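In the working numbering, the protein residues as written are 4 to 807. Positions of the beta carbon are idealized from the N, C-alpha and C atoms, including for glycine. On a predicted model such as this, the values are computed, not experimentally measured, just so you know.
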Amino acid sequence: MNNHSSVLSDWANRLWRDRSYTVVSGIFLGLSIAMATLGFTVFYTFFFKPLPYPEANRIVVIRQILPVYGLTGYLSRSALLSPLRRATHAELQDSALVSSNPKVTISLVQGQRLAVHYQSVTPNFFPMLLRHPYLGRWPSAAAGHRDGPQEAMLSFGFWSKAFGKKASAVGSEISLHGKVYQVVGVLPQNFTLHGLAADVYVPLVLPQDKVEAHYFDKLTFAQLGADHTLESLRPVLSTLAEKQVLRIPARFRNQGKGYRLLASPLRNYVLHKAHMAQLPWLYLGGGLFVWLIAVLNIINYAVLRHQRRLRGFAIRQLLGASRGAVIQIFLSEQLPALLLSLFLAIPLTFLGIRWLSSTIFSGSAYADFPLRFTGWEGLFLLVLLLVSAVCVVAIPLWRLRPSALKTALTHDERTASLSKPLRRMFQALNTLQAALAIGLLSTALSLAIGNDVLSHRSLGFQPKNVEYSRVYLPTAANITPDWLQIESNLRRDPYVRSSAFALFLPWDSSSDGAAGASSSKRSGKVLFDIVSPGFFRLLDIPLQRGQAMPALNDQESPSIWVDTDFCRSFFSSEQCVGQPVIHPDQHVAGVVPSIAWKLMPNRGYLGVEYFPLNSTFDQLLGGFLSSGYILLRIPVQSASALRSASQYLHLALPSAVFSPLHSYTALIHKTQQSGLNFDLLFGIFAFLATGITLFGVYVVQATTQAARLPEYRIRSMLGAENRDFYRGLLRDLFWVILPGAFVGTAVALLLVHLAAQDFPDAMRFLPISLLLTFFLVLFSIGLSYFNVMRSLLRLLRSDPSNGR
4 MNNHSSVLSD
14 WANRLWRDRS
24 YTVVSGIFLG
34 LSIAMATLGF
44 TVFYTFFFKP
54 LPYPEANRIV
64 VIRQILPVYG
74 LTGYLSRSAL
84 LSPLRRATHA
94 ELQDSALVSS
104 NPKVTISLVQ
114 GQRLAVHYQS
124 VTPNFFPMLL
134 RHPYLGRWPS
144 AAAGHRDGPQ
154 EAMLSFGFWS
164 KAFGKKASAV
174 GSEISLHGKV
184 YQVVGVLPQN
194 FTLHGLAADV
204 YVPLVLPQDK
214 VEAHYFDKLT
224 FAQLGADHTL
234 ESLRPVLSTL
244 AEKQVLRIPA
254 RFRNQGKGYR
264 LLASPLRNYV
274 LHKAHMAQLP
284 WLYLGGGLFV
294 WLIAVLNIIN
304 YAVLRHQRRL
314 RGFAIRQLLG
324 ASRGAVIQIF
334 LSEQLPALLL
344 SLFLAIPLTF
354 LGIRWLSSTI
364 FSGSAYADFP
374 LRFTGWEGLF
384 LLVLLLVSAV
394 CVVAIPLWRL
404 RPSALKTALT
414 HDERTASLSK
424 PLRRMFQALN
434 TLQAALAIGL
444 LSTALSLAIG
454 NDVLSHRSLG
464 FQPKNVEYSR
474 VYLPTAANIT
484 PDWLQIESNL
494 RRDPYVRSSA
504 FALFLPWDSS
514 SDGAAGASSS
524 KRSGKVLFDI
534 VSPGFFRLLD
544 IPLQRGQAMP
554 ALNDQESPSI
564 WVDTDFCRSF
574 FSSEQCVGQP
584 VIHPDQHVAG
594 VVPSIAWKLM
604 PNRGYLGVEY
614 FPLNSTFDQL
624 LGGFLSSGYI
634 LLRIPVQSAS
644 ALRSASQYLH
654 LALPSAVFSP
664 LHSYTALIHK
674 TQQSGLNFDL
684 LFGIFAFLAT
694 GITLFGVYVV
704 QATTQAARLP
714 EYRIRSMLGA
724 ENRDFYRGLL
734 RDLFWVILPG
744 AFVGTAVALL
754 LVHLAAQDFP
764 DAMRFLPISL
774 LLTFFLVLFS
784 IGLSYFNVMR
794 SLLRLLRSDP
804 SNGR
């Protein structure tokens with residue numbers, strides 16, 4: 004009993020003496036494992052966690068690419084479906100179409116007037132993705148033919164809200180744009196495919212008329228045959244694309260230049276829509292970098308600490324302790340740090356996942372990818388801990404070999420110093436850590452600066468004191484009289500200074516209009532909006548050239564207003580007023596400054612065009628104009644002002660449905676905050692890694708210089724002065740910083756290049772980020788070097804054994 008008490012007491016005393024090592028190592032390792040596990044959680048969730056669809060691995064999205072028009076997304080034409088089915092009857096088990104233009108209408112449901120969003124899909128779409136509906140049955144195949152039954156599916160959310168989860172909803176009828184549909188089923192709750200969200204799904208009837216069949220406004224989903232893969236499908240699609248081009252008349256064939264048919268897995272489509280095709284690699288890489296840096300520093304710390312105690316282990320073995328007992332003592336000293344890191348890593352990982360789920364990944368775009376701590380995340384965490392333990396223990400254990408113990412025992416402590424190979428190893432590790440610190444911190448800084456500049460760049464318009472409401476109109480026929488009636492009524496409100504209508508709202512991620520445009524010089528994709536004449540005046544967007552948008556009248560207008568980016572892209576100059584645009588035939592009547600349409604730049608879009616409400620273009624939009632946004636400038640921000648404006652809106656058009664008024668400034672701030680949350684996360688990654696690195700460099704430098712104290716004592720006795728010691732220190736610092744700067748720059752260039760697709764401005768801020776980071780790392784490492792040296796020289800001066 005006394006023997007066990009003595010062992011425990013001895014172990015506790017050693018643990019207390021080494022408390023700084025245990026606490027620092029445990030905290031650094033726990034934090035780094037938590038960060039790496041967070042990165043793995045994002046990586047695994049988006050790239051490997053099964054999608055909530057039984058046959059997801061066999062579902063592909065087939066897209067048509069026509070680069071000459073800038074049509075490079077996932078959209079295709081319904082006219083493609085028939086030749087596709089004929090050409091791929093062996094490779095594809097089934098194929099379906101989904102309209103990319105969801106529509107909205109007002110419908111009376113269970114006695115309530117609701118704005119109902121509905122989507123057109125071919126009846127075989129849902130059976131291809133899902134096994135069974137939550138309630139009822141799938142629409143019949145006949146529903147996809149002309150004169151077939153009008154059958155509809157309800158989303159789980161709409162069924163819960165409008166029907167109170169009553170089973171009697173199946174069999175009831177719902178009227179959408181004058182057509183009456185019978186509800187035949189309810190979709191499962193886990194159907195959250197991004198970009199296809201709607202309240203009601205109705206049949207997409209084939210064949211469509213000749214004009215609609217050639218619009219690039221459909222998504223083509225297909226199911227691979229049981230014995231076929233994407234590789235076997237691609238040659239068939241390539242042959243079909245060549246045949247499609249040959250069908251174009253020779254004089255127009257140049258317009259089909261670059262036409263291709265590509266098939267992508269369903270997961271790729273969802274990741275593309277969520278803008279997460281590359282980012283998970285960044286999360287995983289950042290987390291593993293933090294962990295690697297922490298492990299390297301803890302190894303340094305352990306080796307140096309063990310080097311000081313090597314003579315003590317040799318004496319223990321000389322006094323009769325077995326090699327196994329010495330190893331047991333060493334392992335028992337490492338165990339508390341590993342346990343502390345485990346107890347820190349698990350709760351920190353849970354907290355990190357919860358924070359990510361409520362901030363960065365809280366939007367509907369990530370509904371198919373809920374972050375969870377599952378068995379795979381737990382296994383990854385334990386593997387990291389095990390690898391860390393092996394790395395931290397293996398190298399110091401190797402130093403316990405008999406030859407090393409014998410050497411430590413024969414050396415005189417008064418003159419012993421670190422061997423040159425060991426010093427070179429520590430210098431190389433310091434160089435590597437400086438490189439990682441420069442690479443990681445400069446990458447994080449360039450991404451953060453780029454994102455912050457985007458978040459706080461000039462909007463180009465004034466959203467202050469502007470409120471907005473989403474309006475759903477009873478019909479999509481002619482919106483001009485409805486808007487004039489609303490605008491006339493709002494003029495009577497003493498709180499509303501001005502009002503305007505917009506089909507799409509800048510900075511609202513739920514609304515975004517894209518179309519193809521052509522001029523005599525170029526074709527490509529653009530953003531578009533349909534606005535009332537007061538839109539530019541309300542948002543303080545000045546007219547640069549041309550004429551202002553005139554008051555609305557009953558005549559259709561062939562005029563459009565464009566921004567400066569549109570002018571430069573399509574006309575090679577800013578003199579584009581009066582120039583024709585094929586859309587159908589329109590002409591540019593005025594030019595306004597380019598505005599920030601969303602948080603990220605309008606990548607792939609060549610500008611923005613604005614159509615008046617009475618434009619001829621609205622004939623091509625079908626049900627688009629069944630909804631839009633009402634913008635109100637209300638200088639006096641108060642509850643009574645908002646209540647008054649809301650009442651005037653409802654009285655102006657009782658048949659419409661208006662959403663509550665919201666602050667436009669708050670909407671933009673919320674969108675900007677999503678970018679700043681990413682800055683915060685990546686900043687935590689980078690600064691944690693940098694802090695661990697700089698602390699590790701300081702520990703290594705302090706320990707190596709302390710180990711060289713006998714050497715410095717002898718050199719001092721032989722006549723060396725302080726400047727000689729500082730000169731040697733500068734030489735050591737040079738060989739750490741200079742190679743570290745080169746390697747760190749290469750690391751930063753690689754990381755920023757990988758992130759360029761999602762952070763296009765990051766490369767622009769990389770030089771200044773590298774410069775700032777270099778001086779920060781140089782100052783931090785240099786300060787640690789000179790502080791250590793100054794304390795050692797002070798100790799030398801006070802040492803009575805110094806003969807000087």
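Candidates the options, of which the one nearest residue i by Cα
i: residue 533; options: 462, 632, 205, 224; result: 632
i: residue 299; options: 581, 676, 435; result: 435
i: residue 65; options: 466, 239, 549, 35; result: 239
i: residue 684; options: 143, 598, 290; result: 290
i: residue 244; options: 264, 234, 647; result: 264
i: residue 550; options: 564, 540, 618, 266; result: 564
i: residue 644; options: 775, 609, 658, 498; result: 498
i: residue 485; options: 630, 50, 122, 389; result: 630
i: residue 580; options: 56, 97, 547; result: 547
i: residue 456; options: 140, 679, 646, 102; result: 679
i: residue 613; options: 520, 764, 663, 363; result: 520
i: residue 98; options: 106, 276, 224; result: 224
i: residue 165; options: 121, 84, 117; result: 117
i: residue 470; options: 663, 378, 372, 127; result: 663
i: residue 180; options: 203, 161, 536; result: 203
i: residue 80; options: 393, 209, 198, 121; result: 209
i: residue 495; options: 747, 365, 648, 104; result: 648
i: residue 146; options: 718, 353, 184; result: 184
Span separating the alpha-carbon of residue i from that of residue j
i: residue 136; j: residue 188; result: 6 angstroms
i: residue 641; j: residue 651; result: 16 angstroms
i: residue 177; j: residue 154; result: 10 angstroms
i: residue 231; j: residue 268; result: 13 angstroms
i: residue 728; j: residue 790; result: 13 angstroms
i: residue 355; j: residue 192; result: 26 angstroms
i: residue 304; j: residue 507; result: 58 angstroms
i: residue 38; j: residue 29; result: 14 angstroms
i: residue 730; j: residue 338; result: 41 angstroms
i: residue 571; j: residue 262; result: 26 angstroms
i: residue 450; j: residue 674; result: 17 angstroms
i: residue 807; j: residue 732; result: Only weak support exists for where residue 807 lies, its pLDDT of 47 falling under 50; the value from the coordinates is given anyway. Spanning the two alpha carbons is a distance of roughly 22 angstroms.
i: residue 158; j: residue 554; result: 41 angstroms
i: residue 797; j: residue 784; result: 20 angstroms
i: residue 749; j: residue 50; result: 27 angstroms
i: residue 348; j: residue 301; result: 16 angstroms
i: residue 472; j: residue 195; result: 25 angstroms
i: residue 654; j: residue 660; result: 11 angstroms
i: residue 82; j: residue 241; result: 17 angstroms
i: residue 270; j: residue 287; result: 19 angstroms
i: residue 63; j: residue 125; result: 16 angstroms
CB contact flag (residue i, residue j, <9 angstroms)
i: residue 667; j: residue 736; result: no
i: residue 26; j: residue 342; result: no
i: residue 144; j: residue 278; result: no
i: residue 476; j: residue 656; result: yes
i: residue 491; j: residue 635; result: no
i: residue 698; j: residue 292; result: no
i: residue 808; j: residue 437; result: The requested residue 808 is not part of the displayed model; the chain covers only 4 to 807.
i: residue 296; j: residue 695; result: yes
i: residue 585; j: residue 522; result: yes
Integer Cβ distance of residue i from residue j, believed to fall under 8 angstroms
i: residue 433; j: residue 739; result: 5 angstroms
i: residue 615; j: residue 560; result: 5 angstroms
i: residue 138; j: residue 173; result: 5 angstroms
i: residue 101; j: residue 222; result: 4 angstroms
i: residue 611; j: residue 538; result: With 8 angstroms as the limit, residue 611 and residue 538 do not qualify as a contact, their Cβ atoms being about 12 angstroms apart.
i: residue 35; j: residue 445; result: That pair is no contact at about 20 angstroms.
*Are at least three pairs of beta-carbons, each pair with one atom in the stretch 165-176 and one in the stretch 88-97, less than 8 angstroms apart?*
no
*Is the stretch 581-600 close to the stretch 462-470, with three or more CB pairs under 8 angstroms?*
yes
_Stretch pair the stretch 276-289 + the stretch 42-61: three plus CB contacts closer than 8 angstroms_ = yes
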